[in-house]
Amino acid sequence: MAKLTGGAIMARALKDQGVEYMFGIVGFPVQPIAREAQKVGIKYYGCRNEQSASYAAGAVGYLTGRPGACVVVSGPGVVHGLSGLANAKENCWPMILIGGASPVRQNGMGAFQEERQVLIATPFCKFAHDVEHPHRIPFYVEMAVRNSIYGRPGATYLDMPDDIILGEAEEDAVHFPARCADPPRSTAPQENIAQALDVLKTAQRPLAIVGKGMAWSRAEDEVRAFIERTGVPFLASPMGKGVMDDSHPLSVGAARSHALQEADVIVLMGARLNWIMHFGRPPRFNRNVRIVQIDIAPEAISQNVPTEVALVGDGKAIVGQLNRALESFEWFYPGDTDWHKALAEKAAANAKQIQPMIDDESAPTNYYRAFRDISPWIPDNAIIIGEGANTMDIGRTQMPNRSPRTRLDAGSYGTMGVGMGFVLAAAAVHPDRPIISVSGDSAIGFSGMEMETVCRHKMPVKIVVLNNGGIGGGAAALPDDPLKAAPGHLTVGARYDRMMEAFGGKGYFVTDPKDLKAALDGAMKFKGPALVNVQLHHAAGRKPQQFGWHTA
Ligand code: ADP
Ligand code: MG
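Residue 344 in my numbering sits at position 344 of the sequence shown, with consecutive numbering throughout.
Quick look at the structure:
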C-alpha cells in the first residue's frame, strides 16, 4: 500500500482546498512542503524575507477569494511571518501561515529554533493549531481555509513539526475532506432592508462609504446599481477604491473632508469607522450623523458610533436586497441639491489649491508634479500598489482606480514595507495585467531585496520610487557626521534604480521633472521589471491641510 509523507499530504490538501499560491523561504524543516506543493501544481514563489512572503499571501487571499499560503522555517522564520498575519488580521484578508517546527520528540529540550509558535501566532489568527499526526493534516487544512474565508475573513496558522512533515501515513488512512465551498452569502432580515431605505429617504445630505468589505464580497455590480439608482454621492476607503470607478460622476473623493463632515446619513458599506475614518466622530463627522451599516461581522456594528440600521451579512447579497426593495420604493436623491453644489465647489477649491504644485517645473520636483506624469501613464486595468507616507496619501488622491480590487496599500494596519510583497502577489494572480507600484524611498527599503524575486520570476512590474531622501522628508545634504543627521534622514539621491539593474531589471534615475515622462515610457516599453527613481525636493509635502487632525 502506498505511503504519503506529511509534506505530500499537506501539498495535496492545500491543492484540494483551492490554495493556488504559496510564498515563502525554505530551509529546515519546510523544504519538502514547498517541493511537494510544486509537484501538485501550486505556484511557489521563493522570497528573500518572510515578511514579504507573508504580506503576499494575505494579498493573494484578498485578490482571489481563497487564502494564499506562506511557508516559513521554524522559530525566527515564524516570528518574521507574524508580520503578514497581523497585517492580514487587521485588513480582514484570508491567509494561511504554515510554520515549520522543531521535532515533537525534542519539545522542551532546547531544540534548534524551538519556539512556542502556536502561542505567538494565536493573537493574530481566527484559527491556529499544531498538527499532531500526518493523517490529520487535511482536516486542519480544511479548517484553516474555512476559517480564513467564512464570516469576516482573516489569518490562520498551522504548525508543522519536522517529524510530521517527514512522517508517513498510509494513503488509504488519510481522509481528504471535500473542497470547502465559497463563503455562504447570508442576507439581512427584510424589515431591516425597509428600515434602511426609510432612513435614507429622510437624508438631506446622504453619503455612501464603500470599503474593502464590498471588494472582498465582489459586490461591485450591486454597489454600482445601488449608487446609480439612489443618486447618493459616494466615497471610497483607501482600498475600497475601484469598487466604484473613481471617475464616476457621483464620486466625491475630491471633497472627502467636506463630505464626511457634513453628511447627515451615511450608508457604511463594508468599511470600519476606525482611525482611517477618524472614528466617525466630530470634528471630522457630523455629531448627529445617522448610520446605516452593512457588515458581515455583527460585532463590527456600532463600533465608535451607534448604528441606526444594522444590515448584517454578505455585502453582495445585502446590497442586492436593497436594490430589489428599491424597485418598488419611490425615492431618488436629486442631482441638483445644495449638497451636490457644495461638494462640487469644495472639489474645485481643492483642485485649485494644488494646481500651482502640479504646474511647478522646478527640479528636484514635488509629489503633485510627479503624479501629473505618473497618473496618465498607468493603464486602466493596472493593479496599483502604494506605500510610503506622502507618496501613499497623495497617491490615493492623484491615481484613480477604475475597477475593484486594483488597489493595495498600507491599509488598516498602516504597514510600511508591504509594497514588494503586494507586487509579488499581484503579479502572481494577474500575470496579464500591468502591476504598478508607487513607493516612498523609505518604504521601498523595507523589502527592496524582493527586486531579486521579481527579476527571477520575470514579473514585468513597474516600480516608481518617489525619493525625498528620508522618512517623511530628507535633507538637502547630510552632515559629515552621520550621527548628527535627523533620525529619519536617508542617503540623498540613493540609487534604488541600480538595485533593480543589479538583478537584471531596468532602472531610470530622474532628477528633473522634464525627463520623467520619457523615463516612465521607457520603463513601460521594457519587457521586464523596471524601476523609475524620481528625486523629489527633500522638503516636498502635501497640500496645506485645513485641520491639524487631518494628518494626526
Ligand atoms: P476599509 O479599510 O475599506 O474601510 P475595513 O477593513 O476597515 O475596510 O472594513 C471592512 C469591513 O468589511 C470589515 O468590518 C469586515 O467585517 C467587512 N466585511 C468583510 N467581508 C464582508 C462581506 N462579505 N460582506 C460585508 N462585509 C464584509
Ligand atoms: Mg521619503
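Glycine residues also receive a C-beta, built at the ideal position from the N, C-alpha and C atoms.
Task: Beta-carbon contacts of Lys-201 that lie in its chain and below 6 Å, excluding the five residues immediately before and after - done: Listed in chain order, the non-local C-beta contacts of Lys-201 below 6 Å within the same chain comprise Trp-331, local neighbours out to five positions each way being set aside.
TODO: Report the rounded CA-to-CA distance for Phe-547 versus Val-223, giving the unit in angstroms.
DONE: Unreliable placement is indicated for Phe-547, whose pLDDT of 44 sits below 50; no coordinate value is reported for it.
TODO: Compare the C-alpha of Asp-182 against each of Arg-218, Lys-484, Ile-165 and Met-160 and name the closest.
DONE: With distances taken between Cα atoms, Asp-182 lies closest to Arg-218.
- [ ] Output the residue ranges of the beta strand (DSSP E) runs that lie fully inside the region 154-195 and measure 3 residues or longer, sorted by chain position.
- [x] Listed in chain order, they are 155-161 and 168-170.
Open item on the list: Distance check for Ala-485 and Ser-439, CA to CA, integer angstroms please.
Closed with: So the alpha carbons of these two residues sit roughly 23 Å apart.
Task: Helix, strand or coil at Leu-273 according to DSSP, with G and I counted as helix - done: Looking at Leu-273 - three-state DSSP - the assignment turns out to be coil, as it is neither helix nor strand.
Task: Option in Tyr-44, Tyr-55, Gly-7 and Gly-6 with minimal Cα separation from Val-418 - done: When each option's Cα is compared against that of Val-418, the closest is Tyr-55.
TODO: Taking only the alpha-carbon atoms, compute the straight-line gap between Asp-373 and Leu-516 and give it to the nearest angstrom.
DONE: Asp-373 and Leu-516: Cα-Cα distance of roughly 7 Å.
Task: Between the CA atoms of Ile-301 and Lys-212 - distance to the nearest angstrom - done: Distance between the alpha carbons of Lys-212 and Ile-301: 16 Å.
Open item on the list: Suppose contacts are defined by Cβ-Cβ distances below 7 Å. Is Asp-159 in contact with Val-118 by that definition?
Closed with: Yes. Within cutoff.
- [ ] Assign Phe-285 to one of two classes, buried (16 or more other C-beta atoms within 10 Å of its C-beta) or exposed (fewer than that).
- [x] Phe-285 should be labelled buried.
Open item on the list: Does the beta-carbon of Asn-381, which I'm using as the reference point, lie nearer than 6 Å to any heavy atom of the ligand MG?
Closed with: Asn-381: no, Cβ never under 6 Å from the ligand MG.
Task: Three CB pairs or more closer than 8 Å across the region 463-472 and the region 59-66 - done: The region 463-472 is not in contact with the region 59-66.
Open item on the list: Once the 5 residues before and after Gln-398 are set aside, which same chain residues still bring their CB inside 6 Å of it?
Closed with: Cβ-Cβ distances below 6 Å link Gln-398 to Phe-371 and Ser-375 in the same chain, with the five nearest sequence neighbours on each side left out; the list follows chain order.
Open item on the list: For Ile-301, list the residues DSSP reports as bridge partners.
Closed with: Bridge partners of Ile-301: none, in fact.
Open item on the list: Quick check on Gly-108: buried or exposed, where buried means 16 or more other Cβ atoms within 10 Å of its Cβ?
Closed with: Exposed: under 16 other Cβ atoms inside 10 Å.
- [ ] Note down the Cα distance separating Gly-46 from Ala-215, rounded to an integer number of angstroms.
- [x] Roughly 28 Å separates the two Cα atoms.
Task: Residues that DSSP places opposite Val-72 in a beta bridge - done: BP columns for Val-72 point to Gly-99.
TODO: Return the first residue and the last residue of the alpha helix (DSSP H) that Glu-501 is part of.
DONE: Counted as a single uninterrupted DSSP element, the alpha helix (DSSP H) harbouring Glu-501 occupies residues 496-502.
Task: Span of the beta strand (DSSP E), counted from its first residue to its last, around Asp-130 - done: Looking at the DSSP string, the run of the beta strand (DSSP E) that includes Asp-130 is 125-130.
Open item on the list: Once DSSP output is grouped into helix, strand and coil, what is the label at His-278?
Closed with: Of the three classes helix, strand and coil, the one that applies to His-278 here is helix, per DSSP.
Task: Backbone secondary structure at Ile-563 - three-state DSSP - done: The chain is shown from 1 up to 552; residue 563 falls before or after that span and cannot be answered.
- [ ] Give the range of the alpha helix (DSSP H) segment to which Pro-32 is assigned.
- [x] That run of the alpha helix (DSSP H) goes 31-39.
Open item on the list: Quick test of your reading: Ala-236 and Leu-311, contact by CB under 8 Å. State the CB separation rounded to the nearest angstrom.
Closed with: Wrong, their Cβ atoms sit about 19 Å apart, outside the cutoff.
TODO: Flag this pair as yes or no: are the beta carbons of Ala-18 and Glu-50 separated by less than 7 Å?
DONE: The residue you asked about is not Ala; residue 18 is Gly in the sequence shown. No, Cβ-Cβ distance for Gly-18 and Glu-50 is not below 7 Å.
Open item on the list: Here's a check: name, in chain order, each residue in its chain whose Cβ is nearer than 8 Å to the Cβ of Ser-251, leaving out the five neighbours to either side.
Closed with: For Ser-251, same chain residues with a beta-carbon under 8 Å away, outside a window of 5 residues either side, are Pro-233, Phe-234, Leu-235, Ala-236, Met-244 and Asp-245 in chain order.
- [ ] Could you tell me the boundaries of the beta strand (DSSP E) in which Met-22 lies?
- [x] 21-24 is the span of the beta strand (DSSP E), which, as asked, contains Met-22.
Task: Short Cβ contact (7 Å threshold) for Val-71 with Gly-27 - done: No; because the gap between Cβ atoms is not below 7 Å, this pair is not in contact.
Task: Any non-hydrogen atom of the ligand MG closer than 6 Å to Gly-419 Cβ - done: False, no ligand heavy atom lies under 6 Å from that Cβ.
- [ ] Quick one: measure Cβ to Cβ for Leu-520 and Tyr-496, integer angstroms, because I've assumed they're closer than 8 Å.
- [x] That pair is no contact at about 15 Å.
Open item on the list: Give me, in chain order, the residues of the same chain whose beta-carbon lies closer than 6 Å to that of Gln-195; leave out the 5 immediate sequence neighbours on both sides.
Closed with: Cβ within range, chain order: Val-309.
Open item on the list: Between the alpha carbons of Gly-513 and Tyr-368, how many angstroms are there, rounded?
Closed with: According to the sequence shown, residue 513 is Pro rather than Gly. Whole-angstrom Cα-Cα distance: 11 Å.
Task: Terminal residues of the beta strand (DSSP E) in which Asn-350 lies - done: Where Asn-350 is concerned, there is no enclosing beta strand (DSSP E), although the alpha helix (DSSP H) it sits in stretches over 338-359.
Open item on the list: Please return the same chain residues whose Cβ sits closer than 8 Å to the Cβ of His-278, not counting the five positions on each side in sequence.
Closed with: Here the set comprises Leu-260, Arg-284, Phe-285 and Trp-549.
Open item on the list: For Pro-110 and Val-305, I'd like the C-alpha separation in whole angstroms.
Closed with: Residue 110 is actually Gly in this sequence, not Pro. Gly-110 and Val-305: Cα-Cα distance of roughly 49 Å.
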